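Enquirer: Protein sequence lines, in the order shown, are assigned to chains B and C. Count along the first sequence from 1, then add 20; that gives the number in the numbering used here. Count along the second sequence from 1, then add 59; that gives the number in the numbering used here. Backbone N, C-alpha and C define an ideal beta-carbon position, used for all residues, glycine too. These numbers were taken from a predicted model, which means no experiment stands behind them.
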Amino acid sequence: MSWIPVTEQDRREMLAAIGAPSVEDLFSVIPQSLRMRGWDLPPGMAEAALRRHVAGLAEKNRVSPVSFLGAGYYDHFIPSAVDALASRSEFFTAYTPYQPEAAQGTLQAIYEYQSAVCRLTDMECANASLYDGGTALFEAAVMACRATGRGVVRVHPSVNPVWRRILLTHTANLDVEIADGADPEGAACVIVQNPAFRGDLADFSELAAACHAAGALLVAAFNPVSLGLLKSPGAMGADIAVAEGQGLGLPLGFGGPYLGVLAARKALIRKMPGRIAAATVDTEGRRGFVLTLQAREQHIRREKANSNICSNQALCALRALIYLCLAGPEGLRGVAEACNAKAEYLKARLAARFPVANPGPTFNEFAVRLPIPAERAAAGMLERGFLAGLPLAAVGAGDENELLVAVTETRTRSEMDAFAAALEEVCHAVDL
Amino acid sequence: MQLIFEKSRPGRRALALDPLDVPPVELPAAFRREAPPALPEVGEFDVVRHFTHLSRRNFGLDSHFYPLGSCTMKYNPKVAETVAAHPGFASLHPHLSTTPAYWDACQGALELVHTVEGILAQVGGMEAACLQPMAGAHGELAGTLLIAAYHRDRGNAHKRVVLVPDSAHGTNPASAAMAGFDVVQIPSTPEGLADLDRFREAMNDNVAAVMLTCPNTHGLFEPQVAEIAEMAHAVDALMYYDGANLNAIVGKCRPGDLGFDVMHFNLHKTFATPHGMGGPGSGAIAVGDRLLPYLPGPRVERAGEGFVLREPPKSIGRMAPFFGNFLIAVRAYAFLRHYGGDGLAAVAENAVLNANYILARLRGAYRPAFEGTCMHECVFTAAAQAEKGARALDIAKALLDRGYHAPTVYFPLTVKECVMIEPTETESKETLDAFCDDMLEIARLADTSPEALKAAPGSLPVTRLDEVKAAKDLNCASLP
């Protein structure tokens with residue numbers, strides 16, 4: 021095998037040093053009755069054949085359609101430098117920075133990522149990453165329960181319904197009650213999302229004040245790219261902010277790896293899950309970075325830990341950091357403004373033919389009510405080379421004729437014009 | 060080295076955007092932020108230099124031997140990066156799986172999910188696998204949630220206890236607690252094995268599950284694993300297999316055949332996907348027939364020539380919005396297909412050979428924590444060195460100066476001054492010999508001049524760092 025360098029000669033010498041007659045002898049502790057009974061797996065493949073085979077699978081997928089599909093995951097532009105830097109093997113083949121002197125690159129990057137997240141959200145501390153937006157929402161809910169000593173989590177209708185499902189699954193066997201609505205009375209927290217899953221914008225400042233008056237926390241889910249333009253969770257008074265970080269330089273990748281972002285007020289830092297990097301000095305007084313407050317974590321606290329998380333999404337956090345550095349304050353604002361302006365353009369074009377289902381302003385995504393089931397429209401649009409958006413009934417977030425349409429900065433006016441014409445055609449064709 | 064924020068200069072920019080081809084719009088002020096976020100204002104070349112310099116302050120696997128016990132730091136094949144970067148996977152929107160209207164556009168990805176889950180089920184000796192969990196600990200949580208659902212469904216909500224040996228990874232008790240269980244820790248025998256008598260004493264009708272790592276974190280195969288499984292099943296408790304050490308037995312024996320009902324794989328360990336400074340990994344799970352109806356959904360199933368999605372009858376719900384860290388599964392698939400069914404056993408065989416070779420070469424200088432041959436990792440105690448003044452930590456730091464990442468130290472907690480070495484199958488005899496030579500030299504120094512090790516590392520960008528100050532100052536972000 022090409023990835024095992026041990027030669028026959030090596031094997032003989034090593035077995036002699038060990039004092040074992042054969043490699044098989046090293047496995048003699050495994051009772052014969054428990055050994056492999058054979059399996060039905062295909063034989064091995066060398067690299068050239070392997071690449072042909074996997075490329076064949078990839079090519080069965082269709083990535084050519086012009087996409088207006090979002091619903092929490094967006095095809096933003098990824099600058100070349102993100103891939104070039106994140107694919108340096110000193111980053112991607114390194115392990116968790118348990119030996120800080122040999123991992124200052126990782127640790128400073130985590131510290132800078134935490135800093136960038138705080139600056140983006142106007143929060144005071146952030147962790148080194150969680151798995152994704154949905155699991156970050158779960159961790160935030162449990163964190164709020166821990167911080168308040170309460171067990172009721174209220175989920176506002178703005179929240180992504182798939183994330184709500186993830187929250188339910190993860191808390192199924194805990195003393196946590198998942199309830200709907202926005203009433204903070206007696207609750208550990210109220211979870212909101214801005215922009216809402218259906219695209220609506222809100223200012224949750226008043227709800228934050230009501231939460232605090234009732235001794236509850238406000239957990240705010242946000243879209244990181246939108247914060248180039250939109251009021252931040254910190255400015256609204258949120259106590260914990262969570263996000264899916266995919267839009268910050270991560271490919272769509274059919275669902276992952278993505279990035280769970282979690283930030284909080286400083287008073288909550290000891291309740292946070294996951295790794296946290298901190299600045300310190302070495303014995304010579306030079307600035308350096310370490311993991312800190314590790315007594316919160318599973319390898320020290322075991323069953324009393326804040327969370328079981330160990331592996332996180334460090335490389336994805338690095339990509340997000342590089343993206344945010346390349347974008348800068350003006351670049352991120354430009355991306356957000358472009359998403360907003362293009363979505364408004366398409367919304368106005370479609371509104372001439374289909375009622376828009378959002379009562380107020382939206383950012384990069386909106387819902388339209390079609391004259392035919394959205395599933396059928398989506399199938400028809402795929403034939404015409406478009407991903408039309410998400411039929412909202414598929415995730416229980418709307419009726420069967422509602423379609424959630426997303427527009428990123430990568431779409432052009434001519435693509436949107438063609439999209440509007442094709443959607444009219446598809447709906448008309450089925451109408452008849 | 061400066062922070063990227065310290066390199067910021069007003070007006071400097073990297074990202075240039077296409078000119079806006081639609082009319083600009085203005086959102087109502089109530090929804091807008093007052094000032095743009097205080098991100099660094101830097102040029103593209105600044106960013107490239109900065110992160111290139113940061114990368115040079117890291118030990119990576121491509122540049123350094125990384126004998127970290129329990130972490131399986133094996134070579135990450137480049138072909139896995141090539142195939143995962145294919146736009147047919149990398150650019151594929153996950154919501155294509157959400158509605159049947161789009162299933163036609165993601166058949167290749169669904170096929171890959173189905174195939175990888177099928178291979179994993181066979182490697183584990185299980186009925187089915189699920190790629191949703193995004194890390195090993197997340198797989199443990201998924202597995203224990205499945206166990207909770209199983210007992211609830213059978214009207215056995217009183218089964219609230221999970222038995223975990225004291226040598227287990229910290230994630231085991233933490234995951235069981237997150238799934239709502241009470242954890243009872245079972246001490247190991249002096250030989251480093253699961254204590255059958257202690258398990259028998261603790262086993263009763265309230266026990267929901269036993270979580271075992273096999274080989275355990277002492278690097279030893281549990282010869283009585285089948286007896287423990289029998290004991291557990293007699294009270295309808297289920298067996299959880301922590302797959303962290305699967306590299307020792309892959310292709311030689313299978314958790315399902317050992318009596319386990321559910322397990323997780325660490326695709327980033329056994330199947331060589333990159334560790335990425337601590338993630339992303341993948342903690343795919345596999346289950347036997349008892350837990351099959353409860354798997355997270357939706358599941359990819361074959362229907363005629365194509366693939367569709369279906370919800371299992373009693374699904375616990377969703378661990379991830381889609382199929383977990385899909386692009387990690389693509390990489391693991393490349394590894395699995397490269398070796399194939401006829402080649403996987405060579406992984407375990409050479410991993411175990413390499414570990415035993417290190418054990419043989421070092422045992423004269425460092426005391427093995429346990430007798431006999433080891434599996435894929437060897438565990439020493441540096442207690443004798445510590446008595447002379449050179450602790451396991453000092454040995455670890457001295458190795459950094461000699462160009463090696465340190466082994467795992469102070470884990471498992473059951474071994475004093477623990478040094479845990481896992482070479483994996485991808486290291487050559489020359490690398491192992493050079494490492495052992497340096498370990499022996501360090502042992503001599505520990506004996507004659509332990510203070511020389513206290514100053515290590517001296518060759519890296521920083522010397523030892525003040526962790527107490529870090530925790531006291533809690534400077535965890537640079538704020539404007």
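Report the rounded CA-to-CA distance for H190 (chain B) versus T432 (chain C), giving the unit in angstroms.
Expert: In the first sequence, the residue the question calls residue 190 (chain B) occupies position 170. In the second sequence, the residue the question calls residue 432 (chain C) occupies position 373. Rounded to whole angstroms, H190 (chain B) to T432 (chain C) spans 40 Å at the Cα level.
Enquirer: Would you kindly work out how many angstroms separate the C-alpha atoms of L223 (chain C) and F382 (chain C), rounded to a whole number?
Expert: In the second sequence, residue 223 (chain C) corresponds to position 164, counting from 1. In the second sequence, residue 382 (chain C) corresponds to position 323, counting from 1. As written in the sequence, residue 223 (chain C) is Val, which differs from the Leu given in the question. Approximately 29 Å, taken between the alpha carbons.
Enquirer: Identify the continuous alpha helix (DSSP H) that holds F111 (chain B) and give its terminal residues.
Expert: On the first sequence, residue 111 (chain B) is found 91 positions in, with the first residue counted as 1. Looking at the DSSP string, the run of the alpha helix (DSSP H) that includes F111 (chain B) is S109 to F112.
Enquirer: Residues of chain D with a CB under 9 Å from the CB of Q181 (chain C): which are they?
Expert: Of the protein chains in this structure, namely B and C, none is chain D.
Enquirer: Could you spell out where the beta strand (DSSP E) holding Y300 (chain C) opens and where it closes?
Expert: Residue 300 (chain C) sits at position 241 when you count from the first residue of the second sequence. Here the beta strand (DSSP E) through Y300 (chain C) covers L297 to D301.
Enquirer: Below 7 Å between beta carbons is the criterion; list the residues of the region 117–144 of chain C that meet it against any residue of chain B, in chain order.
Expert: Under the 7 Å Cβ criterion, the region 117–144 of chain C contributes N117, F118, G119, L120, D121, S122, Y125, L127, C130, M132, Y134, N135, P136, V138, T141 and V142.
Enquirer: Assuming D162 (chain C) and V367 (chain C) make a contact with CB atoms under 8 Å, what is their CB distance in whole Å?
Expert: Position 103 of the second sequence, counting from 1, holds the residue named residue 162 (chain C). Position 308 of the second sequence, counting from 1, holds the residue named residue 367 (chain C). The question names Asp, but residue 162 (chain C) is Trp in the sequence shown. Right, their Cβ atoms sit about 6 Å apart.
Enquirer: Ignoring anything shorter than 4 residues, give me the alpha helix (DSSP H) runs that lie fully in the region 306–352 of chain C, in order along the chain.
Expert: 314–317
Enquirer: Can you tell me the Cα-Cα spacing of A541 (chain C) and E476 (chain C), whole angstroms?
Expert: For chain C, the structure presents residues 60 to 539; residue 541 (chain C) sits outside this window and is missing.
Enquirer: Which first and last residues belong to the alpha helix (DSSP H) in which G354 (chain B) is found?
Expert: Locating residue 354 (chain B) in the first sequence gives position 334, counting from the first residue. That run of the alpha helix (DSSP H) goes A334 to A371.
Enquirer: With DSSP as the reference, identify every bridge partner of S434 (chain B), one or two as the case may be.
Expert: Translated into positions along the first sequence, residue 434 (chain B) becomes position 414. Beta-bridge pairing links S434 (chain B) to no other residue.
Enquirer: Among B:A261, B:Q318 and B:A340, which one has its Cα closest to the Cα of V239 (chain B)?
Expert: Along the first sequence, one-based indexing puts residue 239 (chain B) at 219. Nearest C-alpha to V239 (chain B): B:A261.
Enquirer: Reducing DSSP to helix, strand and coil, say where E264 (chain B) ends up.
Expert: On the first sequence, position 244 is the one that residue 264 (chain B) refers to. Looking at E264 (chain B) - three-state DSSP - the assignment turns out to be strand.
Enquirer: Against chain C, does Q333 (chain B) count as a neighbour if the rule is that its beta carbon must be under 8 Å from one of theirs?
Expert: Start at 1 with the first residue of the first sequence, and residue 333 (chain B) comes out as number 313. Among the CB atoms of chain C, one or more fall inside 8 Å of the CB of Q333 (chain B).
Enquirer: Give me, in chain order, the residues of the same chain whose beta-carbon lies closer than 7 Å to that of M256 (chain B); leave out the 5 immediate sequence neighbours on both sides.
Expert: Stepping through the first sequence from its first residue, residue 256 (chain B) is reached at position 236. The answer, listed in chain order, is D223, F224, S225, A228 and A240.
Enquirer: Mind checking which residues open and close the alpha helix (DSSP H) that includes A233 (chain C)?
Expert: In the second sequence, residue 233 (chain C) corresponds to position 174, counting from 1. Start and end: T230 to M237.
Enquirer: Under the assumption that F148 (chain B) contacts Q134 (chain B) (Cβ atoms under 8 Å), give the Cβ distance between them as a whole number of angstroms.
Expert: Mapped onto the first sequence, residue 148 (chain B) falls at position 128. Mapped onto the first sequence, residue 134 (chain B) falls at position 114. Contrary to the premise, residue 148 (chain B) reads as Ala rather than Phe in this sequence. The Cβ separation is near 7 Å, so the contact holds.
Enquirer: Let's test the definition: count the other Cβ atoms within 10 Å of the Cβ of F439 (chain C) and tell me whether it reaches 16, buried, or not, exposed.
Expert: Your numbering for residue 439 (chain C) matches position 380 in the second sequence. Here F439 (chain C) is buried, its C-beta having at least 16 other C-beta atoms within 10 Å.
Enquirer: Along the chain, where does the alpha helix (DSSP H) that runs through I417 (chain C) open and close?
Expert: Reading the second sequence from its first residue, position 358 is the one you call residue 417 (chain C). Note, I417 (chain C): alpha helix (DSSP H), F385 to L421.
Enquirer: Between C447 (chain B) and chain C, is there a C-beta pair that is closer than 8 Å?
Expert: As a position in the first sequence, residue 447 (chain B) is number 427, starting the count at 1. No, its Cβ sits nowhere closer than 8 Å to a Cβ of chain C.
Enquirer: To the nearest angstrom, how far is it from the Cα of P314 (chain C) to the Cα of A393 (chain C)?
Expert: Here residue 314 (chain C) refers to the residue found at position 255 of the second sequence. Here residue 393 (chain C) refers to the residue found at position 334 of the second sequence. Those two C-alpha atoms are separated by around 23 Å.
Enquirer: At a cut of 8 Å, does the region 361–378 of chain B reach the region 44–59 of chain B through at least three beta carbon pairs?
Expert: With a cut-off of 8 Å, the region 44–59 of chain B and the region 361–378 of chain B do not count as touching, because too few Cβ pairs lie within range.
Enquirer: Between G308 (chain B) and chain C, is there a C-beta pair that is closer than 8 Å?
Expert: Your numbering for residue 308 (chain B) matches position 288 in the first sequence. G308 (chain B) counts as touching chain C.
Enquirer: Within 10 angstroms of its Cβ, does I375 (chain C) collect 16 or more other Cβ (buried), or is it exposed?
Expert: Sequence index remark: in the second sequence, residue 375 (chain C) carries index 316 (1-based). That one is buried.
Enquirer: Give me the chain B residues within the contact set of V107 (chain C), using Cβ-Cβ distance strictly less than 8 Å, ordered along the chain.
Expert: Position 48 of the second sequence, counted from the start, is the residue given in the question as residue 107 (chain C). Going along chain B in sequence order, the residues near V107 (chain C) (Cβ under 8 Å) are A101, A104 and L105.
Enquirer: To which residues does DSSP link L3 (chain B) through a beta bridge?
Expert: This structure cannot settle anything about residue 3 (chain B), because the visible part of chain B is limited to 21 through 452.
Enquirer: Between the C-alpha atoms of F604 (chain C) and F406 (chain B), what's the straight-line distance to the nearest angstrom?
Expert: Lying before the first or after the last residue shown, residue 604 (chain C) is absent from chain C, which here runs from 60 to 539.
Enquirer: For T382 (chain B), which residues does DSSP report across the bridge?
Expert: Residue 382 (chain B) sits at position 362 when you count from the first residue of the first sequence. Its beta-bridge partners are B:D220.
Enquirer: Figure out for me which residue from B:E67, B:F383 and B:T126 has the closest Cα to the Cα of R295 (chain B).
Expert: Here residue 295 (chain B) refers to the residue found at position 275 when the first sequence is read from its first residue. That would be B:T126, whose Cα lies nearest to the Cα of R295 (chain B).
Enquirer: Taking all protein chains shown into account, decide if E486 (chain C) is buried (16 or more other Cβ within 10 angstroms of its Cβ) or exposed.
Expert: On the second sequence, residue 486 (chain C) is found 427 positions in, with the first residue counted as 1. Its Cβ being crowded by 16 or more others within 10 Å, E486 (chain C) is buried.
Enquirer: Could you check what DSSP says for G365 (chain C) in three-state terms: helix, strand or coil?
Expert: Translated into the one-based positions of the second sequence, residue 365 (chain C) becomes position 306. It is a strand residue.
Enquirer: At which residue ranges does the region 46–104 of chain B contain complete alpha helix (DSSP H) runs of 4 or more residues, listed in the order of the chain?
Expert: 67–79
Enquirer: Do P271 (chain B) and C336 (chain B) have their beta-carbon atoms positioned less than 8 Å apart in this structure?
Expert: Against the first sequence, residue 336 (chain B) aligns to sequence position 316. Against the first sequence, residue 271 (chain B) aligns to sequence position 251. Going by C-beta atoms, C336 (chain B) is not nearer than 8 Å to P271 (chain B).
Enquirer: Within 10 angstroms of the Cβ of E500 (chain C), are there 16 or more other Cβ atoms? Answer buried if so, exposed if not.
Expert: Indexing the second sequence from 1 puts residue 500 (chain C) at position 441. Exposure of E500 (chain C) is indicated by the presence of fewer than 16 other C-beta atoms within 10 angstroms of its C-beta.
Enquirer: Whole angstroms is fine: what's the gap from L188 (chain B)'s alpha carbon to I198 (chain B)'s?
Expert: Sequence index remark: in the first sequence, residue 188 (chain B) carries index 168 (1-based). Sequence index remark: in the first sequence, residue 198 (chain B) carries index 178 (1-based). When rounded, the distance between both Cα atoms is 7 Å.
Enquirer: Apply the 10 Å Cβ neighbour rule to G517 (chain C) and answer buried if 16 or more other Cβ atoms are within range, or exposed otherwise.
Expert: By 1-based counting over the second sequence, the position of residue 517 (chain C) is 458. By the neighbour-count criterion, in which a residue is buried when 16 or more other Cβ atoms sit within 10 angstroms of its Cβ, G517 (chain C) is exposed.
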